[in-house]
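As given, the protein sequences belong to chains S and C, one line each in that order.
Taking our numbering, the leading residue of the first sequence gets 1, the next gets one more, and so forth.
Taking our numbering, the leading residue of the second sequence gets 1, the next gets one more, and so forth.
Heads up, the beta-carbon is just placed ideally off N, CA and C, and yes, glycines get one too.
Note that the coordinates shown come from a computational prediction; the quantities given were computed from them, not determined experimentally.
Number of protein chains: 2
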Amino acid sequence: MQRSGRLLQLLQILRERRVAVTAKFLAERFGISERTVYRDMKTLVELGVPVEGEAGIGFILRPGFFLPSMAFTRDEADAVLLGLRFVLARGDGEIAKAADTALLKIMDGMGDRDETQMLGNGLAVGPPETERRCELGTIRRAMRDRRKLKIAYRTDGQASRSRVVWPVALGFFDQVEMLAAWCELRDAFRHFRIDRIDSLTFLEVNFPRSRNSLLAVYRKLEPHANL
Amino acid sequence: MQRSGRLLQLLQILRERRVAVTAKFLAERFGISERTVYRDMKTLVELGVPVEGEAGIGFILRPGFFLPSMAFTRDEADAVLLGLRFVLARGDGEIAKAADTALLKIMDGMGDRDETQMLGNGLAVGPPETERRCELGTIRRAMRDRRKLKIAYRTDGQASRSRVVWPVALGFFDQVEMLAAWCELRDAFRHFRIDRIDSLTFLEVNFPRSRNSLLAVYRKLEPHANL
DNA sequence: CGGGTTTTGACAGAAAGTGTCAGCAAGCGT
DNA sequence: ACGCTTGCTGACACTTTCTGTCAAAACCCG
Numbered sequence: 001m002q003r004s005g006r007l008l009q010l011l012q013i014l015r016e017r018r019v020a021v022t023a024k025f026l027a028e029r030f031g032i033s034e035r036t037v038y039r040d041m042k043t044l045v046e047l048g049v050p051v052e053g054e055a056g057i058g059f060i061l062r063p064g065f066f067l068p069s070m071a072f073t074r075d076e077a078d079a080v081l082l083g084l085r086f087v088l089a090r091g092d093g094e095i096a097k098a099a100d101t102a103l104l105k106i107m108d109g110m111g112d113r114d115e116t117q118m119l120g121n122g123l124a125v126g127p128p129e130t131e132r133r134c135e136l137g138t139i140r141r142a143m144r145d146r147r148k149l150k151i152a153y154r155t156d157g158q159a160s161r162s163r164v165v166w167p168v169a170l171g172f173f174d175q176v177e178m179l180a181a182w183c184e185l186r187d188a189f190r191h192f193r194i195d196r197i198d199s200l201t202f203l204e205v206n207f208p209r210s211r212n213s214l215l216a217v218y219r220k221l222e223p224h225a226n227l
Numbered sequence: 001m002q003r004s005g006r007l008l009q010l011l012q013i014l015r016e017r018r019v020a021v022t023a024k025f026l027a028e029r030f031g032i033s034e035r036t037v038y039r040d041m042k043t044l045v046e047l048g049v050p051v052e053g054e055a056g057i058g059f060i061l062r063p064g065f066f067l068p069s070m071a072f073t074r075d076e077a078d079a080v081l082l083g084l085r086f087v088l089a090r091g092d093g094e095i096a097k098a099a100d101t102a103l104l105k106i107m108d109g110m111g112d113r114d115e116t117q118m119l120g121n122g123l124a125v126g127p128p129e130t131e132r133r134c135e136l137g138t139i140r141r142a143m144r145d146r147r148k149l150k151i152a153y154r155t156d157g158q159a160s161r162s163r164v165v166w167p168v169a170l171g172f173f174d175q176v177e178m179l180a181a182w183c184e185l186r187d188a189f190r191h192f193r194i195d196r197i198d199s200l201t202f203l204e205v206n207f208p209r210s211r212n213s214l215l216a217v218y219r220k221l222e223p224h225a226n227l
């Protein structure tokens, strides 16, 4: 097998596995020497693949998402840039920062001329109008880690009421951000406007079903919710 | 020079130039044979670089933007995905379609497992509330091609009034999209809410200054406009 | 249709890649 | 502290790929 083809397959194996693979295993798998595996890994690192080698453990892809090289049309590049500006303007601190660094990575990956042309495309996103009292980052982390949230929620004209929710989806609408969650108080799915959440607490308690399966049930019950 | 290094420099040259370069020129530039240039170009194509060769003209990068391979963190990937969903929900037909195809390219570039994980991240964007009467695509095209627009604009409580504008920036705010343009009627920069534009016509007339220089002047005059 | 240019296939020699092996570094058990 | 094991790298001989050369095919233009 040619080297370049082998490198692609090595990358594929690293992607598929979340457990480290040893040089010995890869050598047997490809019918090459361990020395060559070390050379290939070095080459992958040089190509920008975030592969880590750890003595006694093996090789693993650093957590994250690796994109191979690709070409975009002008409109596609505009869309990516506009979208990241949206996240910069509307996202919470963490994801806004992530949008910023993703943008820097993309701009770095382009040539100077393309970068200048892209940054001056004149497409902008205004800031949000509503001021939110809680960090969306906490909600996103709860969604990702499958953790319950305890929120103080204020319906119009009433005092805050405390409840425990299982966050399922987070929606960005024109004037508000909306949390779709299973509500333990009501024993049903409910929508919560983020600007009416007075406080929220990350609970070290998992909800009993995966968020994906809850999301599927939720979408079945609320097909027009745009979430 | 090693082959991989040469390939990167070839790519750089193709990026920098908007005019085609011949195999002969590249061979002289790198001190290699023309045959090797042809081999290198073939390899670049295999790597996904959108290079086109045309007999009698030379090699050129297909219009568009080429991104080399790169790695994103989980938050950065979330930000890119959320951003593209925003453009899908809020953009005009053309850029929404471009966001869709960019998304497909990005998902194709990821492994199946990453793709599934990303698509189920639970971050959504709601549809716009205002219904717009004109296509943002026409405005974007006028911006890109430096063309004047003739618009029928309706201020509150009055009939539409026609005017010619030079579109400089397009902003997506929570409840409206806003066009920042030089207005020939008022002889000044003005903001135009897209939902109040009753009609618009693409004029085959260039405005006399580059949009980037107008944008710079506009930003100086309106530093708080978020555009 | 002929001439010129671009591109590609084939081949011999040069350069890079590979397997082997010795040696270094780190960790662990005694 | 020492010996053993494992992971990793440098050096070297051999193998495979890359390169330049050249002829031929393909294409374009007058």
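Would you list the one or two residues that DSSP bridges to residue i?
i: A169 (chain S); result: S:A180
i: V45 (chain S); result: Note: V45 (chain S) sits in no beta bridge, so no partner.
i: T201 (chain S); result: S:K150
i: E54 (chain S); result: S:G58
i: R161 (chain C); result: C:Y153
i: L84 (chain C); result: According to DSSP, which records beta bridges pairwise, L84 (chain C) is partnered with nothing at all.
i: M70 (chain C); result: S:L67
i: N206 (chain C); result: C:R147
i: F25 (chain S); result: According to DSSP, F25 (chain S) bridges with nothing at all.
i: R193 (chain S); result: S:M178
i: L123 (chain S); result: C:L170
i: A188 (chain C); result: C:C183
List the whole-angstrom C-beta distance separating residue i from residue j, where the pair is believed to meet the contact cut-off of C-beta under 8 Å.
i: E76 (chain S); j: A102 (chain C); result: 4 Å
i: L84 (chain C); j: L44 (chain C); result: Between L44 (chain C) and L84 (chain C) the Cβ distance is about 27 Å, and since that is not below 8 Å, they are no contact.
i: D146 (chain S); j: S210 (chain S); result: Here residue 146 (chain S) is Arg; the residue named in the question, Asp, does not match the sequence. Right, the Cβ-Cβ distance comes to about 7 Å (below 8 Å), so this counts as a contact.
i: R3 (chain S); j: F30 (chain S); result: Rounded, the Cβ-Cβ distance is 11 Å, inconsistent with contact.
i: D92 (chain C); j: L136 (chain C); result: 4 Å
i: I240 (chain S); j: V176 (chain S); result: Residue 240 (chain S) is absent from the model: chain S starts at 1 and stops at 227.
i: L221 (chain C); j: F173 (chain C); result: Not quite, the Cβ-Cβ distance comes to about 19 Å (not below 8 Å), so this is no contact.
Suppose the cutoff is 6 Å on Cβ atoms and the five residues either side in sequence are ignored; what does the same chain contact list for residue i look like?
i: V164 (chain C); result: K148, K150, E184
i: S199 (chain C); result: A152
i: T201 (chain S); result: K150
i: M107 (chain C); result: E115
i: D156 (chain C); result: none
i: L82 (chain S); result: L123
Which residues of chain S have a Cβ atom closer than 8 Å to the Cβ of residue i, listed in chain order?
i: S213 (chain C); result: What S213 (chain C) touches in chain S: nothing, since even the nearest Cβ is about 10 Å away.
i: Q175 (chain C); result: E129, D174, Q175
i: G93 (chain C); result: Those do not exist, as G93 (chain C) stays about 11 Å from chain S at its closest Cβ, beyond 8 Å.
i: V19 (chain C); result: Within 8 Å Cβ-Cβ: nothing; V19 (chain C) doesn't reach chain S, min ~13 Å.
i: G5 (chain C); result: Correct list: empty, because the minimum Cβ distance to chain S is about 10 Å.
Run down chain S in chain order and give the residues with a C-beta less than 7 Å from the C-beta of residue i.
i: A99 (chain C); result: A79, G83
i: A102 (chain C); result: F72, E76, A79, V80
i: I106 (chain C); result: L67
i: G157 (chain C); result: By Cβ distance, chain S contributes nothing, its closest Cβ being about 24 Å from G157 (chain C), past 7 Å.
i: L227 (chain C); result: A124
i: M31 (chain C); result: Sequence check: residue 31 (chain C) is Gly here, not Met. Ordered by position in chain S, no residue passes the 7 Å Cβ test against G31 (chain C), which lies about 23 Å from the chain.
What residues from chain C crowd round residue i, counting only those whose CB sits closer than 9 Å?
i: S69 (chain S); result: L47, G48, V49, F66, L67, P68, S69, M70, G109
i: G58 (chain S); result: Here the premise fails: no neighbours, minimum Cβ distance about 19 Å.
Between which residues of its own chain and residue i is the CB-CB distance below 8 Å, once the five residues before and five after are set aside?
i: G126 (chain C); result: A89
i: M70 (chain C); result: none
i: R15 (chain S); result: L61, F66
i: G109 (chain C); result: none
Ignore the nearest five residues each way along the sequence and tell me which others in residue i's own chain have a CB closer than 7 Å to its CB.
i: Y153 (chain C); result: S160, R161, R163, F192, R196, I197
i: K24 (chain C); result: E34
i: F86 (chain S); result: V125
i: W166 (chain S); result: K148, A181, W182, F207, L214
i: V37 (chain C); result: A23, L26, A27
i: A96 (chain C); result: V87, L88
i: A99 (chain S); result: L84, V87, L88, G91
Note down, in chain order, every chain C residue with its Cβ under 7 Å from the Cβ of residue i.
i: L26 (chain S); result: Going along chain C, no residue has its Cβ under 7 Å from L26 (chain S), so there is no contact; the nearest lies around 17 Å.
i: T73 (chain S); result: G64, A98
i: F207 (chain S); result: Chain C residues near F207 (chain S): none, gap ~13 Å exceeds 7 Å.
i: V168 (chain S); result: G122
i: V217 (chain S); result: What V217 (chain S) touches in chain C: nothing, since even the nearest Cβ is about 13 Å away.
i: V87 (chain S); result: A79, L82, G83
What in chain C is Cβ-close to residue i, meaning under 8 Å?
i: R15 (chain S); result: G111, R113, D114
i: A142 (chain S); result: What A142 (chain S) touches in chain C: nothing, since even the nearest Cβ is about 10 Å away.
i: G53 (chain S); result: Near G53 (chain S) there are no residues of chain C at all, since even the closest Cβ is about 16 Å away, more than 8 Å.
Counting Cβ pairs, one atom from each stretch, are 3 or more of them under 8 Å apart for the stretch 172 to 181 of chain C and the stretch 106 to 126 of chain C?
With the rule of 3 Cβ pairs closer than 8 Å, the stretch 172 to 181 of chain C does not count as touching the stretch 106 to 126 of chain C.
Check whether the stretch 56 to 64 of chain C touches the stretch 18 to 32 of chain C, counting contact only when three or more Cβ pairs, one atom from each stretch, lie closer than 8 Å.
By the Cβ test, the stretch 56 to 64 of chain C is in contact with the stretch 18 to 32 of chain C, since at least three Cβ pairs between them sit closer than 8 Å.
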